[in-house]
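*Asks:* The structure is given below, and queries will be raised subsequently.
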Amino acid sequence: MRTRMPTQRPEPRGGKANTEVLDEIAQRQEKLRRVGRSLLGVEGTDEQAPPLRQGARASGVGWYPLIALGILVVVDEFQGYGFAVLGPEISRALGISKATLGALLALKLLAITLATLPIAAYVQRRPRRALVAITMGFGWALATLFTGFVVSLWGLLVVMVADGLASGSVRAVHQPLLVDSYPPSFRVRALSFHRGANRTAQLIAPLLVGLVTAVLGFTWRGVFLAMGVFCLAAALFSVRLRDPGFGSWDVARVRQVVRRDVGAADAGIVQEEVLLGFFENMRRLLIIPTVRRVLTAYAVLGMWFVPLETFMFFFLNDRWNMGPGARALFFAGMSPAALGALWWYGRRGERLFRTNPRLLVELSSRGAIVMVVSLLVAVASPVFVGMLLFFAVSFASASVLFPSLSMLLLSVVPPTVRVHASALSGIALAAVGGMGGLLLLGGIDRRFGVAIAVASLSIPGAAAALILRGARETVNEDLDRLIDHVVEEEEIRTMKERGISLPMLACRHLDFSYGRLQVLFDVDFTVEEGQMVALLGTNGAGKSTLLRAISGLGLPSRGSVHFHGADITYLDAERRVGLGITQIPGGRAVFGSLSVVENLRVFGFGLGKDSQAIEHGIEATFEAFPGLAARRNQASSTLSGGEQQMLGLGKALILHPRLLLIDELSLGLAPKIVGQLLEVLRRINATGTAIVLVEQSVNIALAIAQHAYFMEKGEIRFQGAAAELIERRDLLRSVFLEGATKGLG
1 MRTRMPTQRP EPRGGKANTE VLDEIAQRQE KLRRVGRSLL GVEGTDEQAP
51 PLRQGARASG VGWYPLIALG ILVVVDEFQG YGFAVLGPEI SRALGISKAT
101 LGALLALKLL AITLATLPIA AYVQRRPRRA LVAITMGFGW ALATLFTGFV
151 VSLWGLLVVM VADGLASGSV RAVHQPLLVD SYPPSFRVRA LSFHRGANRT
201 AQLIAPLLVG LVTAVLGFTW RGVFLAMGVF CLAAALFSVR LRDPGFGSWD
251 VARVRQVVRR DVGAADAGIV QEEVLLGFFE NMRRLLIIPT VRRVLTAYAV
301 LGMWFVPLET FMFFFLNDRW NMGPGARALF FAGMSPAALG ALWWYGRRGE
351 RLFRTNPRLL VELSSRGAIV MVVSLLVAVA SPVFVGMLLF FAVSFASASV
401 LFPSLSMLLL SVVPPTVRVH ASALSGIALA AVGGMGGLLL LGGIDRRFGV
451 AIAVASLSIP GAAAALILRG ARETVNEDLD RLIDHVVEEE EIRTMKERGI
501 SLPMLACRHL DFSYGRLQVL FDVDFTVEEG QMVALLGTNG AGKSTLLRAI
551 SGLGLPSRGS VHFHGADITY LDAERRVGLG ITQIPGGRAV FGSLSVVENL
601 RVFGFGLGKD SQAIEHGIEA TFEAFPGLAA RRNQASSTLS GGEQQMLGLG
651 KALILHPRLL LIDELSLGLA PKIVGQLLEV LRRINATGTA IVLVEQSVNI
701 ALAIAQHAYF MEKGEIRFQG AAAELIERRD LLRSVFLEGA TKGLG
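Going by the working numbering, the residue at position 202 of the sequence shown is 202; the numbering climbs one at a time, nothing skipped.
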């Protein structure tokens, strides 16, 4: 781990500096982090998990949400498992091949994928997850009923897609709704119960198929009609579901603790927030290391589960000559083993998560290994009993993976984006992994037979075990980052309520990486209202990367960026322009193929339809730089380097930003041109615009700036008033090495 170099900071000359206000947050974060981990269910004091009933009662809503969502999961699986068990019969009745059935299942998975994202977008601002769950329950009930009436491939296609669209709600909202309905001390068991409902469906659906086909003599159409009736009853039972709100049991409690710690009132909290859009939330999720690993594990497991559900019935039919009733009973026999494993795991997994979430990851990885080995033995077994036993072990081991992955995924993300994370997990499992697995297995089946196709599933299973082991190194850090984010946000909120002045821009503990190459390390950087700040350092120090993080051209892997107290860490770059943040990149500030005036009109794009403001800005640019006015229709690529920098500064004269970021203003320019540019910068700054100037020339930067930061190897080494630091040659030499300060003598 990289050791952070100490930062030298001159003492403020009077009063408390605004940057020290933010330092008070860091001093309390370690204490509050431990409290926050406890409230998130980690490092609890109870060694024994409370009984299931006590855990359910602790929420104040009892068993109903768990049972209602569990029943919806059960009936949601009816259509899918009925389709899988009765696949050979449907194939013969409608004249559809195995490959076509696989394609229909792939289209259903695609429908699930298409449904999860709009659902996540619909509920991201307001907690309406219960409403979605109820409505979609009625949707798949109708799809199951109408499956019994199809007479052609096209009719089957319609009901499969409709069922998939409705089933998207299970992937998107069920688990986030459960996590927010119950306290952290009960969540592993609640998620295990929910997964157990899925396994119960795998028990009930095959038994129902076996009962109505083998005993009652129903055709496959009658099976779907019977299951559709059960689906309607379950949807009616769920109508009393209510959404408890985002993070009511964890993050909201952490906020309350923070507010008590700083002595803030609990009522009447009003905070100006910059709300993230749908794709901004998605980007935010995908920079969390544990989320990336868990989603990858879901995708790989999808290559295991979805093809297995389709091809195993053909394996049983071809290898063991089992009819629909026998296949249904076989599949039902897998469920008791899975339910027993989930019952055991619910309590043990909860203790492991409380002690250390890393232990839960290790348990999941071992479970994936057992799943793979058992499958290989089951396929190779020449004895029916041995095949049955090892398939049961494989299914039991696989069942505990899902509550583990869900707990890890939903614990490290903010509550408002849990539904997005759940939707992404459904996409990874069903669309990415499932469709990929079906395509892969279809080719293996045609070439080597169904037994080899099923055995080949050991490859993605083993890959999932390796991927999960990688999450051991990230899960605890990601939990701490979530808590630190909540603590920082709430303390900033209370400071604003007290009227404490905060910096215009505050970057705290920023890490930034390009792939595996980390460039910024724990960077703290602040800019006051109307301040002129110089950002100094050698090539490769990370100056331009820091500007990218501030302007939104890149997202940090850790830390936060606040603008006037509002969190903009994950905000898109174009939205930051609307807030008043503008960047002029060094050497790339103009569009070479456009004329001077066309460039200026492009700069004014952020002003929308305010053509008058754009024209005033263009005239202000020509007034500041008369040489550009004479070349207004000339291609900007024909301008000199200095003239291109002048044209780039026109962006500030048009947009009138609150914060202007300039990268390498003087690079390669004559001193006379630099003097003109600096004069314009002073005029822009005099209007109230704060400026961050990245420069390699120490003389130029410190002559115009009021405050200076020095960077070396991605870290802030020194900061202070420019007037004081320009006399500190020892500090400058320590940053720029011996050759970089010769121009000062």
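Glycine is no exception: its CB is placed at the ideal position from the N, C-alpha and C atoms. Just so it is clear, the structure is predicted and the values come from calculations on it, not from any experiment.
#1: Please list, in chain order, all residues of the same chain as His562 whose beta carbon is under 6 Å from its beta carbon, the five residues on each side excluded.
#2: CB-CB under 7 Å to Leu409, same chain, minus the five flanking residues each way: which ones, in chain order?
#3: Among Leu553, Phe390, Gly540, Val74, which has the Cα closest to the Cα of Arg199?
#4: Does the pairing of the stretch 298-314 with the stretch 457-466 give three or more beta-carbon distances under 8 Å?
#5: Just checking, does the stretch 532-548 make contact with the stretch 700-713 on the three C-beta pairs under 8 Å criterion?
#6: Taking DSSP as the reference, what is the three-state secondary structure of Tyr64?
#7: Please classify Glu727: is it buried, with 16 or more other beta-carbons within 10 angstroms of its beta-carbon, or exposed?
#8: Residues bridged to Gln583 by DSSP?
#9: Cα separation between Ser458 and Val417?
#10: Report the option in Ile287, Arg683, Glu473, Leu665 whose CA atom is closest to the CA atom of Tyr570.
#11: Alpha carbon to alpha carbon, how far is Leu208 from Trp249?
#12: Applying the criterion that 16 or more other CB atoms from any shown protein chain within 10 Å of the CB defines a buried residue, is Ile452 buried or exposed?
#13: Run through DSSP, which three-state label would Thr545 get?
#14: Starting from Leu285 and walking both ways along the alpha helix (DSSP H), at which residues does that stretch end?
#15: Nearest CA to the CA of Ala624: which residue from Gly247, Val179, Arg683?
#16: Taking only beta-carbon positions, decide if Phe138 is within less than 8 Å of chain C.
#17: Apart from the five residues on each side of it in sequence, which residues of its chain come closer than 7 Å, Cβ to Cβ, to Ser688?
#18: Determine the DSSP secondary structure at Ser422, reduced to helix, strand or coil.
#19: Taking the CB atoms as reference points, tell me whether Val251 and Pro357 lie closer together than 8 Å.
#20: Kindly confirm or deny that the stretch 392-412 and the stretch 332-346 touch, where touching means at least three C-beta pairs closer than 8 Å.
#21: Checking the sheet assignment: what are the DSSP bridge partners for Ser560?
#22: Can you give me the start and stop residues for the beta strand (DSSP E) that Glu715 sits inside?
#23: Work out the CA separation of Leu547 and Val173 for me, nearest whole Å.
#24: Taking the DSSP output, what are the residues bridged to Ile750?
#25: Pop quiz: Phe512 and Gly470 are said to be a contact at Cβ under 8 Å. What is the actual Cβ separation, rounded to whole angstroms?
#26: Are there 16 or more other CB atoms within 10 angstroms of the CB of Gln54, so buried, or fewer, so exposed?
#27: May I ask which residues mark the beginning and end of the beta strand (DSSP E) holding Leu520?
#28: Whose CA, out of His194, Gln719, Glu643, Leu216, lies closest to the CA of Phe402?
#29: Grab me the residues of Phe603's own chain with a C-beta within less than 8 Å of its C-beta, minus the 5 sequence neighbours each way, in chain order.
#30: Nearest by alpha-carbon distance to Phe384: which of Ala430, Arg472, Ala431, Phe315 is it?
#31: Extract the residue ranges of the alpha helix (DSSP H) inside the stretch 106-181, only unbroken runs of 4 or more that lie entirely within it.
#32: Hey, out of Leu468, Leu275, Met407, whose CA is closest to Ser364's CA?
#33: So, under 8 Å CB-CB, Asn102 and Val300 are touching, yes? Tell me the CB distance rounded to an integer number of Å.
#34: Excluding the 5 residues flanking Gly578 on each side, which residues of the same chain have their C-beta closer than 7 Å to its C-beta?
#35: Can you tell which of Glu643, Ile581, Asp480 has its C-alpha closest to the C-alpha of Asn599?
#36: Between the stretch 178-193 and the stretch 346-355, are three or more C-beta pairs nearer than 8 Å?
*Replies:* The structure says:
#1: Here the set comprises Ala506.
#2: The answer, listed in chain order, is Val291, Val294, Ala421, Ser425.
#3: Checking every option, the nearest Cα to that of Arg199 belongs to Val74.
#4: As far as the Cβ criterion goes, the stretch 298-314 touches the stretch 457-466, which means the pair count is three or higher.
#5: Contact holds between the stretch 532-548 and the stretch 700-713, because three or more Cβ pairs, one in each stretch, are under 8 Å apart.
#6: In the three-state scheme derived from DSSP, where H, G and I count as helix and E and B as strand, Tyr64 is classed as helix.
#7: Classification of Glu727: exposed, given that the 10 Å Cβ count is below 16.
#8: According to DSSP, which records beta bridges pairwise, Gln583 is partnered with Leu661.
#9: Take the alpha-carbon of Ser458 and the one of Val417: they are about 33 Å apart.
#10: The shortest Cα separation from Tyr570 among Ile287, Arg683, Glu473, Leu665 belongs to Ile287.
#11: Their backbone Cα atoms lie some 39 Å apart in a straight line.
#12: Exposed, because fewer than 16 other Cβ atoms sit within 10 Å of the Cβ of Ile452.
#13: Correct three-state label for Thr545: helix.
#14: Counting along the chain, the unbroken alpha helix (DSSP H) around Leu285 starts and ends at 278-286.
#15: Nearest to Ala624 by C-alpha distance, out of Gly247, Val179, Arg683, is Arg683.
#16: The chain inventory of the structure shown lacks chain C, comprising one protein chain alone.
#17: According to the sequence provided, residue 688 is Gly. The question's Ser does not apply to it. Apart from the 5 residues on each side of it in sequence, Gly688 sits with its Cβ closer than 7 Å to the Cβ of Gly530 in its chain, given in chain order.
#18: Here Ser422 sits in helix by DSSP.
#19: No, Cβ-Cβ distance for Val251 and Pro357 is not below 8 Å.
#20: In short, these stretches touch, since the Cβ pair count reaches three.
#21: Paired residue(s): Arg508.
#22: 715-721 is the extent of the beta strand (DSSP E) around Glu715.
#23: Their backbone Cα atoms lie some 37 Å apart in a straight line.
#24: Since the displayed the chain opens at 1 and closes at 745, residue 750 lies outside it and no answer follows.
#25: Rounded, the Cβ-Cβ distance is 21 Å, inconsistent with contact.
#26: Bear in mind that a pLDDT of 49 at Gln54, under 50, signals an unreliable position, so the number given afterwards is only what the model happens to contain. When all chains shown are included, Gln54 counts as exposed.
#27: Taken as a continuous stretch (DSSP letters only), the beta strand (DSSP E) holding Leu520 covers 517-527.
#28: Measuring from the Cα of Phe402, the nearest candidate turns out to be His194.
#29: Around Phe603: Gly617, Gly650, Lys651, Ile654, Leu655.
#30: Nearest Cα to Phe384 within the set Ala430, Arg472, Ala431, Phe315: Phe315.
#31: The DSSP assignment places 129-147, 153-169, 175-181 as complete runs of the alpha helix (DSSP H) inside the stretch 106-181, in order along the chain (cut-off: 4 residues).
#32: Nearest of Leu468, Leu275, Met407 to Ser364, Cα basis: Leu468.
#33: At residue 102 the sequence reads Gly, which differs from the Asn that was named. Incorrect: roughly 19 Å between the Cβ atoms, too far for contact.
#34: Closer than 7 Å at the Cβ level, and outside the excluded window around Gly578, lie Gly606.
#35: Nearest C-alpha to Asn599: Glu643.
#36: Three or more beta-carbon pairs separated by less than 8 Å link the stretch 178-193 to the stretch 346-355, which places the two stretches in contact.
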